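Report on the structure given below.
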Amino acid sequence: MGSLSTPGHPRPQASNVPPSNSEPVAADGSQTTPTHPVRLREKPVPLGPRLSTIFGSIGLLAFFVWLILRPPQRVPVVFLPRYISFEANIEQGSPLDCRSQGCLLVIVGTDLRGQGSIESATELSRALEKRGIETNFVVTGAPVKECATAARLFRRPVLLDPEGTLTKALRISELPYWIVHDPSGKILSRGTEPLTETEIAREAGL
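Read in order, the letters of the sequence shown are residues -16 to 189 in the numbering used here.
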């Protein structure tokens, strides 16, 4: 027999839409747990650069400033007129004209202080020659004629630097100046105070 229904009223149809308060139903009829969006924990945003980054930048900047401001570490390759004597022609020479293990470079001006250091410097150079250390002298800071006049007091070959090319390259502001270097030009010692024979030999590794 068929099912009974009330005359005049349609037979209610089964609805596949679950009630709003019911749990979702899977295809096999089992209930499923509703999923919810996962909320990630928000990380705090830093307000500025880290201290390590700041100090690292400061240290790097200080290093570059030190590289720029530190005195040159090598005698520059420059060619200057070489005064030998009043009768001889002026030749070309270089403060790197040194073939011994240790080299001494003495730079003087044409003033009284510079001229007053010439005698002791030449005596020192003769003592150093016995130990295999060569000496080059440079007179600078005045026109060629004045530099040549001062160079005669050495009674030996002297380089003339009227334009101050060498002192500018070495960033020298006070004369006389003493530099001990090896044959390649690497500076081992430098300063305005005269060095003794023992000190120069020690700096040159002799």
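Virtual Cβ for every residue (Gly too), placed ideally from N, Cα, C. Note that the structure is a prediction, hence the values are computed from the model and not measured.
Simplified DSSP state of L158, which is helix, strand or coil:
One-based indexing of the sequence shown puts residue 158 at position 175. Correct three-state label for L158: coil.
Secondary structure at K169, three-state DSSP: helix, strand or coil?
Walking along the sequence shown from the start, residue 169 turns up at place 186. DSSP places K169 within a strand segment (E or B) once states are collapsed to three.
Cross-strand partners of F120 (DSSP beta bridge)
Residue mapping note: residue 120 aligns to position 137 of the sequence shown, counting from 1. Beta bridge pairing from DSSP links F120 with V89.
Could you work out which residue in C81, V61, G147, T181 is closest to P166 when comparing CA atoms only?
On the sequence shown, position 183 is the one that residue 166 refers to. Comparing C-alpha distances from P166 to each of C81, V61, G147, T181 shows the shortest one belongs to C81.
Quick one: what's got a C-beta closer than 6 Å to A184's C-beta in the same chain, skipping five residues either side?
Locating residue 184 in the sequence shown gives position 201, counting from the first residue. Excluding residues within five positions, the ones whose Cβ falls inside 6 Å are R114.
What's the gap between the Cα of S83 and the Cα of D94?
Taking the first residue of the sequence shown as 1, we reach residue 83 at position 100. Taking the first residue of the sequence shown as 1, we reach residue 94 at position 111. For S83 and D94, the distance between alpha carbons rounds to 31 Å.
Is the distance from the Cβ of V163 to the Cβ of S172 below 8 Å?
Start at 1 with the first residue of the sequence shown, and residue 163 comes out as number 180. Start at 1 with the first residue of the sequence shown, and residue 172 comes out as number 189. For V163 and S172, yes; Cβs fall inside 8 Å.
To the nearest angstrom, how far is it from the Cα of P159 to the Cα of I41?
In the sequence shown, residue 159 corresponds to position 176, counting from 1. In the sequence shown, residue 41 corresponds to position 58, counting from 1. Cα to Cα, the separation comes out at about 37 Å.
Would you call the CB atoms of V89 and S77 closer than 8 Å?
As a first step, residue 89 is located in the sequence shown; it is residue number 106 there, counting from the start. As a first step, residue 77 is located in the sequence shown; it is residue number 94 there, counting from the start. Contact annotation: V89 and S77 have beta-carbon atoms that are not nearer than 8 Å.
Grouping DSSP H, G and I as helix and E and B as strand, with all else coil, what is V58?
On the sequence shown, position 75 is the one that residue 58 refers to. Correct three-state label for V58: coil.
Beta strand (DSSP E) containing R65: first to last residue?
As a position in the sequence shown, residue 65 is number 82, starting the count at 1. Its beta strand (DSSP E) spans residues 63 to 66.
Within 10 angstroms of the Cβ of R65, are there 16 or more other Cβ atoms? Answer buried if so, exposed if not.
Position 82 of the sequence shown, counted from the first residue, corresponds to residue 65. With a 10 Å radius around the Cβ and a threshold of 16 neighbouring Cβ atoms, R65 comes out buried.
Between the Cα of L63 and the Cα atoms of I73, R57, R135, which residue gives the shortest distance?
Against the sequence shown, residue 63 aligns to sequence position 80. Residue I73 holds the alpha-carbon nearest to the alpha-carbon of L63 among I73, R57, R135.
Within 8 Å, strictly: CB atoms of L143 and A152:
To locate residue 143, count along the sequence shown from 1; it is residue 160. To locate residue 152, count along the sequence shown from 1; it is residue 169. In this structure, L143 keeps its C-beta atom at 8 Å or more from the C-beta atom of A152.
C-beta contact flag for C86 and I116 at 8 Å:
As a position in the sequence shown, residue 86 is number 103, starting the count at 1. As a position in the sequence shown, residue 116 is number 133, starting the count at 1. Taking 8 Å as the cut-off, the Cβ atoms of C86 and I116 count as close.
Look at the alpha carbon of E186 and the alpha carbon of R109, and state the distance between them as a whole number of angstroms.
The count along the sequence shown starts at 1 and reaches residue 186 at position 203. The count along the sequence shown starts at 1 and reaches residue 109 at position 126. Taking C-alpha positions only, E186 is separated from R109 by approximately 18 Å.
Spell out the partners DSSP gives D144 in its beta bridges.
Here residue 144 is taken as the residue at index 161 of the sequence shown, counted from 1. Beta bridge pairing from DSSP links D144 with T123.
Is G92 buried or exposed, if buried means 16 or more other CB atoms sit within 10 Å of its CB?
In the sequence shown, counting from the first residue as 1, residue 92 sits at position 109. Flag for G92 reads buried.
Using a 10 Å radius around the Cβ and a threshold of 16 neighbouring Cβ atoms, would you call A131 buried or exposed?
The count along the sequence shown starts at 1 and reaches residue 131 at position 148. Classification of A131: buried, given that the 10 Å Cβ count is 16 or more.
Opening and closing residue of the beta strand (DSSP E) in which G97 lies:
Sequence index remark: in the sequence shown, residue 97 carries index 114 (1-based). Looking at the DSSP string, G97 is not in any beta strand (DSSP E); the run it does join, the alpha helix (DSSP H), is 95 to 99.
Collapsed DSSP secondary structure at G188 in the structure displayed
Looking up residue 188 in the sequence shown gives position 205. Three-state DSSP puts G188 in coil, outside helix and strand.
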